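The structure appears right after this line, and notes come after that.
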Amino acid sequence: MKEVFKNFLLVEMERQKNKLLLDHQRYTKLQVEQFDTLKLIFTNLIRTDRLVNETFVSLKDGTGLTKKDMERTFVPLVRIIFDTEDHFKQNSIFLPSETCEKIEKAIDALLFCLSRSTYAMLIRSESIIDTEGRLQGIQQVEIKNLSEMDKKDFHDTINKIAIVKNTELRLAISAVQTEFREIFGVK
């Protein structure tokens, strides 16, 4: 009888060990998914922050964006915001809802900034028309040559972009950092 009970306990112990091993593997896979998601989103938010700085310094100081600036900063900024949004939507299930809310707010705010920056660029643009009335191109207008209403719209737009960058984007970056540290026990 002792031997039967001992064998039963050994079999049960093996079953429980296997169950623990499966749970551990499942949990480890979830942690890897969380890590990958947090890492990519964090990296993209940091890159976004840098690109916003580079892009909007040119807008704010009145120099405007050259074609080279557009290719170097603005186009990558647009891509990274949309890439971050796509990755976040596909992987938000791995993140706590509070962190998701902050990231969603930041992405929405960044999309708002993109639309506002396009508006700011439009305010500073004028069409170049040839003598026969055909559009030849678009050129930037110096801020000092804008109407008072356009100047106000332009500065309001730039200020809104700065506020979003300094609030929503910073909150999202902080939330991702905190979540990473909590999951992996890093202080």
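Residue 82 in the working numbering is what sits at position 90 of the sequence shown, and the numbering runs on without skipping anything. We treat Cβ as the ideally placed atom computed from N, Cα and C, and that holds for glycine. In this text the structure is predicted, and so the values were computed from the model without any measurement.
Through-space distance from residue j to residue i, alpha-carbon basis
| i | j | result |
| --- | --- | --- |
| Thr159 | Val178 | 24 Å |
| Phe34 | Asp145 | 32 Å |
| Glu(-5) | Leu2 | 10 Å |
| Asp78 | His147 | 31 Å |
| Thr29 | Leu161 | 17 Å |
| Ala101 | Glu93 | 12 Å |
| Ile175 | Met141 | 50 Å |
| Leu163 | Lys60 | 31 Å |
| Arg7 | Lys(-2) | 14 Å |
| Val49 | Lys157 | 12 Å |
| Val24 | Phe0 | 36 Å |
| Val67 | Ser84 | 25 Å |
| Lys11 | Lys97 | 40 Å |
Proximity to residue i [Cα-Cα], best of the options
| i | options | result |
| --- | --- | --- |
| Leu37 | Glu63, Phe27, Asp28 and Ile72 | Ile72 |
| Glu63 | Glu46, Ser89, Glu77 and His147 | Glu46 |
| Lys21 | Leu103, Phe86 and Leu2 | Phe86 |
| Gln194 | Phe66, Val49, Gln26 and Val67 | The structure shown does not extend to residue 194, since the chain is modelled only from -7 through 179, so no value can be given for it. |
| Pro88 | Lys(-2), Phe(-3) and Glu171 | Glu171 |
Own chain partners of residue i with C-beta closer than 8 Å, once the 5 adjacent residues on each side are dropped
| i | result |
| --- | --- |
| Leu69 | Thr40, Leu43, Val44, Thr47 and Leu106 |
| Ser139 | none |
| Leu13 | none |
| Leu103 | Ile73 and Glu77 |
Supposed contact pair residue j and residue i - C-beta distance, whole angstroms, cut 8 Å
| i | j | result |
| --- | --- | --- |
| Val168 | Thr76 | The Cβ separation is near 11 Å, so there is no contact. |
| Ser109 | Ile153 | 6 Å |
Cβ-Cβ distance between residue i and residue j below 8 Å
| i | j | result |
| --- | --- | --- |
| Ile95 | Phe80 | yes |
| Thr149 | Tyr111 | yes |
Neighbourhood of residue i by C-beta distance below 6 Å, restricted to the same chain and skipping five residues each side
| i | result |
| --- | --- |
| Ile99 | Glu77 |
| Ile165 | Leu37 |
Cβ shell of residue i (< 7 Å), same chain only, five flanking positions each side left out
| i | result |
| --- | --- |
| Leu32 | His79 |
| Glu4 | none |
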